[in-house]
Amino acid sequence: MEEEQAQDAKQQIATSPEDIEDLPGGPQGPQVPRRRGGISAEPVSEEDATSYVKKVVPKDYKTMAALSKAIAKNVLFAHLDENERSDIFDAMFPVTFLPGEPIIRQGDEGDNFYVIDQGEV
């Protein structure tokens, strides 16, 4: 009887889905992995900033137009002005993958942004 009362009290206190999942007898669906809370980068020293050389990979007008169209409504680029977007496009380079070859593996460093020009994923 006391165990049932304790269970009822816990259920009354639970106010969020996370609370309910932690209770015995709560929803028993598949566990969804939780995302990391944050990501940080190494600090940039003044020396690094002054010696930085902008990477430029030559592209024709057609490629630049395709990149511009591909990211036109992407939230990651929405706040950038034309010059900033151009700097990003200049640094992009082509990569070719074979059918079935993994492009991104879970746990890999996120050091590239991919725009699919041909094929499908």
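For our numbering, count along the sequence shown from 1 and bump the result up by 1443.
All C-beta atoms, glycine included, are put in the ideal place defined by N, C-alpha and C.
For residue i, three-class secondary structure by DSSP
i	result
A1534	helix
E1489	helix
I1463	The predicted position of I1463 is uncertain, since its pLDDT is 49 and thus under 50; a value taken from the coordinates is nonetheless stated next. Reduced to three states, the DSSP call for I1463 is helix.
L1541	coil
N1526	helix
Whether residue i touches residue j by CB criterion (9 Å)
i	j	result
A1513	V1558	yes
L1519	F1556	yes
Burial state of residue i, where buried means 16 or more other Cβ atoms lie within 10 Å
i	result
E1510	The displayed chain sequence assigns Leu, not Glu, to residue 1510. So L1510 ends up on the buried side.
F1532	buried
V1487	exposed
- [ ] For the segment 1528 to 1548 and the segment 1496 to 1504, state whether three or more C-beta atom pairs, one from each stretch, are separated by less than 8 Å.
- [x] yes
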